[in-house]
Amino acid sequence: MASIFGGGIGAILLKISQGKEELYTDTTHFIIQSILYAMFFSSFLVLIGTKAKHPGWVVLLAIGIYIGYR
């Protein structure tokens, strides 16, 4: 289930990144910010929930940082 959601989010971000000039609107900005906060919150939940034993929190944090940087 998580892989399906991750693939869907990845597809959305890929589509947005391919047509930055044409697709950049307030709605696109909202979508990117929503995904960014979801990644950071998910990273925090995995970090706390697994007591930092599962490396997934690092990946989610890295995705959030990358999205925020772009």
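For the sequence shown, the numbering used here puts the final residue at 351, and the numbers step up evenly by one. Yeah, the Cβ is synthetic: ideal placement off N, Cα and C, and Gly gets one too.
Segment limits, alpha helix (DSSP H) that includes residue i
i	result
alanine 343	337-350
Residue i - DSSP class collapsed to helix/strand/coil
i	result
glycine 288	helix
threonine 309	helix
lysine 296	helix
alanine 319	helix
alanine 283	helix
Proximity of residue i and residue j at Cβ, strictly below 9 Å
i	j	result
isoleucine 297	threonine 309	yes
phenylalanine 321	leucine 341	yes
leucine 294	isoleucine 316	yes
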